[in-house]
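Novice: All residue numbers for the sequence shown refer to UniProt numbering, where the first residue is 1 and numbers rise by one.
Quick reminder that beta carbons are idealized off the backbone N, C-alpha and C, glycines included.
Every value quoted in this text rests on a predicted model; they were computed, and no experiment measured them.
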Amino acid sequence: MSGDWRDAWSAALDELEMDVATVEAMLADERRHAETPPADLWKPPTELGALPLELKPRADEILTRQLKAAEEIARRMTATRQQMTMTTRIETGEAVKRPVYVDRAM
Numbered sequence: 001m002s003g004d005w006r007d008a009w010s011a012a013l014d015e016l017e018m019d020v021a022t023v024e025a026m027l028a029d030e031r032r033h034a035e036t037p038p039a040d041l042w043k044p045p046t047e048l049g050a051l052p053l054e055l056k057p058r059a060d061e062i063l064t065r066q067l068k069a070a071e072e073i074a075r076r077m078t079a080t081r082q083q084m085t086m087t088t089r090i091e092t093g094e095a096v097k098r099p100v101y102v103d104r105a106m
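(1) Rounded to whole angstroms, how far is the Cβ of leucine 13 from the Cβ of alanine 59, which I believe are closer than 8 Å?
(2) Can you tell me where the alpha helix (DSSP H) holding leucine 16 begins and where it ends?
(3) So what's alanine 59 in DSSP terms, helix, strand or just coil?
(4) If I measure Cβ to Cβ from tryptophan 9 and keep anything under 7 Å in the same chain, skipping five residues before and after, which residues do I get?
(5) Spatial neighbours of glutamine 66 within its chain, please: CB distance less than 6 Å, with the 5 preceding and 5 following residues excluded, ordered by chain position.
(6) Looking at leucine 16: is its Cβ nearer than 8 Å to the Cβ of isoleucine 62?
Here is the structure:
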């Protein structure tokens with residue numbers, strides 16, 4: 001039974017790690033991100049019990065990668081929002097608040 005428990009946890013971590021790898025790949029390639037449909041949300045397995053101690057380093061590494069990917073997503077969302085704000089100002093003329101003169105002497 002101990003082997004089944006460890007195997008179930010290992011399979012759950014495999015699935016979670018594949019999700020993180022997909023997000024990391026999308027962050028690395030903008031075109032792929034635009035062409036990739038949204039992934040299914042990972043759902044934690046039920047009735048597994050506590051994580052086996054020998055899998056803790058792997059789980060910690062996956063968590064670190066998830067947090068790093070989440071930070072990058074947040075950074076890109078902020079940059080996109082700032083870019084959209086600037087684009088809106090340029091399109092409406094709000095970015096330039098100075099008079100425009102036409103030289104009619106020519």
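Specialist: On the basis of the data shown:
(1) Their Cβ separation, rounded to whole angstroms, is 6 Å, which keeps leucine 13 and alanine 59 in contact under 8 Å.
(2) It spans 2–28 - the alpha helix (DSSP H) in which leucine 16 sits, taken as one unbroken run.
(3) Under the three-state reduction of DSSP, alanine 59 is assigned to helix.
(4) Excluding positions up to five away in sequence, the list reads Leu48, Leu51, Pro52, Leu55.
(5) Here the set comprises Val20.
(6) Yes.
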